[in-house]
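This report concerns only the one structure given below.
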Amino acid sequence: MTSRAGSLTLSRRSAVVLSAGAAAGALIGLFSRRAGAVLKLDVTQGTIQPIPIAVPEFVAVATTDPAIGRNISEIIGSNLGRSGLFAPIDPAAFLEKITTIDTLPRFPDWRAVNAQALVTGRISQADGGRLKAEFRLWDVFAGQQLDGKLYTTTADNWRRIGHIISDAIYERLTGEKGYFDSRVVFVDESGPKERRIKRLALMDQDGANVRYLTRGEDLVLTPRFSSSPDTITYMSYGNGDPRVYLMNIETHQREIVSNFPGMTFSPRFSPDSQRVIFSLQRGGNSNLFVMDLRSKETTRLTDMQVIDTAPSYSPDGAYICFESDRGGKQQIYVMAANGGAAQRISFGEGSYSTPVWSPRGDYIAFTKQAEGRFAIGIMRADGSGERILTEGYHNEGPTWAPNGRVIMFFRDPGGGPSLYTVDVTGRNEQQVRTPSYASDPSWSPLLQ
Amino acid sequence: MRDMRTATTISIIGHAAVLLWSVWSLAAHPLDSPPADSLPVDIVTASDFSKITQGVKDAPKAETPKPLAEKVAEAKPVEDTTAKLVEKKEVKAARDLPPSPEAKPVETKPAESKPQKDSTAEKKPSDAKTDPIAEALEKSQVKPEPKKPEKAQADKTPVPPKKPAPPAPKFDPKRVEALLDKRDPARLAAAAETLSPAASLGLPSGRDAQLSMSELDALRARLARLWTPPAGAPDPRELIVLVRMRLKSDGTLAAPPEVLNSGHSPYYLAARDSAKRAVIRGQPYDMLRPEHYEQWKDIEITFDPRDMIRG
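Right, dumping it as structure tokens:
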């Protein structure tokens, strides 16, 4: 009886063990088959190179301006090319002429000219004069449409259509928000060096559509965009002391923000545009203040016998970075937006000034002066990862593109200043065409 | 006195004898050193090293090294041209087509037949690798032979058969090694088309890398050259893309690249498309040699740009 029970127990246990073993075997078999069938490979290095893109002339249907199709495709091509991330292909090489956007392009023809992406578009004009623009973005090698959109606008806004389409293409292919549909306010400088006339000017980010906002009677300095693309703040020496102004760039209406005894400098908006932060100079010292634009209430943020200036908010509005000589030389400090202890983040050779927090929040751009040279660089908000993007005799005044990947600044090699852009890798530097000398640029947020 | 002289004589003779013996014996037997094994030294190139097969270090070097095989492989259904030739040959029995040494008709046939576990994966009953659990079962004289796992197993082919055919004695002292065999019963015998009990020259760690590292490196280099990952994501993990690439034997894609992971951020979409573009543009993958096709016909590639973004 016992032995029978024993053998029964044994057999049952064996059965359990056997089935478990079989299951494990099946499992291993499954894995080994999978591992055996599929070869695995890790690719951890790619190539940083511009994506070749073809932007053939947009098909124009019943437009008053027959050249508008080509003009728009040229705006797109030049935007993408300037970004450094794309290499527009010379239209002379194209094999297929796009006559409609409703059929598939002949992909082999576009592969033959080495295009990886293709933009086809159509622009048509209704009776009322409104423009309708459509585009399709194609992946030439996969033979797939990646994006396609339709926009309508007034006829005089046709350049913006080009910029908006550029942004859509840029975002789809890089994953980044675009920055082409944006504007730049800057100080236009004309006349002889001794009697330079300085006017506030506004242009599209590509240098087109320059408009003047002031007439040049008063000296203007440090224009800055608010978070809304139609409001700027700037400093002007009206009669006597410099004052901080607000201006609506559409209506040209302006108002004085502050009227303090002493000198106010380097105003900048908070990200919610509800406050303006600036430095106020009294005697030999300069300290940071913030003013609520609604209540006009002013709060002091620093109170030291030093020069604190050039404050800039983090995009979430929780912190500010600024320059201070409290450690002996001008260096960059970060502190909470409502004051308190400040932490020094710049420790390199030379002095650091005009810190600007990126709209993405990942970097702080700065001007660095060492051994008689001025450089534009970036570092992370904790001071790590410092990288010099451009260096030379005199570079100054960095401002971020809305997507935080490009910086505009001005450079004065001696004769007069001009505007330049450089991307965060430092690889792609370009001059921005302006009608005359230009300095102190400020990049707007995206218009849409 | 006389006693003393006798004792002295004995002592002198005895000492002399010991001395003489020691001198003789030391002279006669010089210390012999153990003979040093001579080590054959070959100069190995990097590609030779990457092609080291699995085997034993001291096995004789064969001209054409066989993979270490402990059982006959299951015949795989093959779709390539050689298999078709074999099938044709089967139909036209009259014609004598010389079979290629690789594909033996006898072994390719049972691919269709159902009881493949018996016919192809048959093992000698005296084989040392018999399943110990099965042994224990026999010992207890009960044969519950659970059918279900057996059947499931039959589908997952590479498991060794659980059915030892001949009824064994209760305890066979000759087979005690089988009982002592503590290896995982589910361990897979290395399978090949023919049994080769003798190990071929190789290293225990050799992974039978018939697809050489130089081929893989060339493939990786081509993809790296064509891949332009977007660099800007705040979280670079969003940029990792898993792509499965199925290839034809001429090195072109058999199907569009299949993306195995997913994501919704614009960064992921851009990264995914850049990886797919690289895979498509890399055709034909002519650095992969046709004789290794079985190994590279299906490749899973992880595109991970985090190393290049850092810093």
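Residue numbers (the working numbering), protein chains in the order written: chain A, 1 to 448; chain B, 449 to 759. C-beta atoms are modelled at their ideal positions from N, C-alpha and C, and glycine is treated no differently.
- Contact between the stretch 210 to 227 of chain A and the stretch 263 to 279 of chain A is present, with at least three C-beta pairs closer than 8 Å.
- Per the coordinates, the alpha-carbon of Pro315(A) lies some 22 Å from the alpha-carbon of Glu686(B).
- If you draw a straight line from the Cα of Thr264(A) to the Cα of Gly216(A), it comes to about 20 Å.
- Contact annotation: Ala726(B) and Leu690(B) have beta-carbon atoms that are not nearer than 8 Å.
- Excluding five sequence positions before and after Gly148(A), the CB atoms of its chain that fall closer than 8 Å to its own CB belong to Glu134, Phe135, Arg136, Leu137, given in chain order.
- Under the Cβ distance rule, Arg725(B) counts among the residues neighbouring chain A, one pair being separated by less than 8 Å.
- Ala719(B) carries a helical assignment under DSSP once its states are collapsed to helix, strand and coil.
- For the pair Asn709(B) and Gly397(A), the Cα-to-Cα distance works out to about 43 Å.
- In this structure, DSSP gives Thr309(A) an extended state, which the three-state scheme calls strand.
- Under the three-state reduction of DSSP output, Asn403(A) falls in the coil class, being neither helix nor strand.
- Here Gln743(B) carries a helix assignment [DSSP, helix/strand/coil].
- For secondary structure counted as the beta strand (DSSP E) over 3 or more consecutive residues, the stretch 352 to 376 of chain A holds these complete runs in sequence order: 363 to 370.
- Residue range 437 to 443 is occupied by the beta strand (DSSP E) that includes Ser442(A).
- In chain order, Glu96 place their CB closer than 6 Å to the CB of Arg106(A), counting only its own chain and leaving out the 5 sequence neighbours on each side.
- For the stretch 115 to 143 of chain A, residues whose beta-carbon sits nearer than 8 Å to a beta-carbon of chain B comprise Gln116, Asp139, Phe141, Ala142.
- Here the stretch 123 to 132 of chain A makes contact with the stretch 151 to 159 of chain A; the two share three or more CB pairs at distances below 8 Å.
- Looking at the backbone, the Cα of Pro738(B) and that of Leu695(B) are separated by about 11 Å.
- Using a Cβ-Cβ cut-off of 7 Å, Arg729(B) is close to Phe141 of chain A, given in chain order.
- In this structure, the beta-carbon distance from Ser73(A) to Pro56(A) falls below 8 Å.
- The Cβ-Cβ distance between Ser353(A) and Lys329(A) does not fall below 8 Å.
- Residues of the same chain with their beta carbon placed closer than 7 Å to that of Ile48(A) are lacking, with the five preceding and five following residues left out of the count.
- If you compare the alpha carbons of Cys321(A), Phe347(A), Gly84(A), Gly348(A) with that of Ala341(A), the shortest gap goes to Cys321(A).
- With respect to the 8 Å criterion, Gly426(A) and Thr367(A) are not classified as neighbours on the basis of their beta carbons.
- Of the candidates Met756(B), Ile728(B), Ile747(B), Gly699(B), Ile728(B) places its Cα closest to the Cα of Gln116(A).
- For Met661(B), the enclosing alpha helix (DSSP H) covers residues 661 to 674.
- Closest in alpha carbon position to Arg668(B), among Asp451(B), Ala465(B), Ile749(B), is Ile749(B).
- According to DSSP, residue pairing for Leu200(A) in a beta bridge involves Val187(A).
- The beta carbons of Tyr313(A) and Ile277(A) sit about 7 Å from each other, so the pair counts as a contact at 8 Å.
- Taking a contact to require three or more Cβ pairs closer than 8 Å, the stretch 413 to 428 of chain A and the stretch 463 to 472 of chain B do not qualify as touching.
- Judged by DSSP in its simplified three-state form, Arg282(A) adopts strand.
- In summary, His712(B) is exposed, with fewer than 16 beta-carbon neighbours lying within 10 Å of its beta-carbon over all protein chains present.
- Taking C-alpha positions only, Gln448(A) is separated from Arg387(A) by approximately 32 Å.
- DSSP, read as helix, strand or coil, puts Lys724(B) in helix.
- By the beta-carbon neighbour count (other beta carbons within 10 angstroms, threshold 16), Tyr437(A) is buried.
- An exposed status is given to Asp734(B), since fewer than 16 other beta-carbon atoms sit within 10 Å of its beta-carbon.
- For the stretch 657 to 683 of chain B, residues whose beta-carbon sits nearer than 8 Å to a beta-carbon of chain A comprise Leu659, Leu664, Leu667, Arg668, Leu671, Ala672, Arg673, Leu674, Trp675, Thr676, Pro677, Pro678, Ala679, Gly680, Ala681, Pro682.
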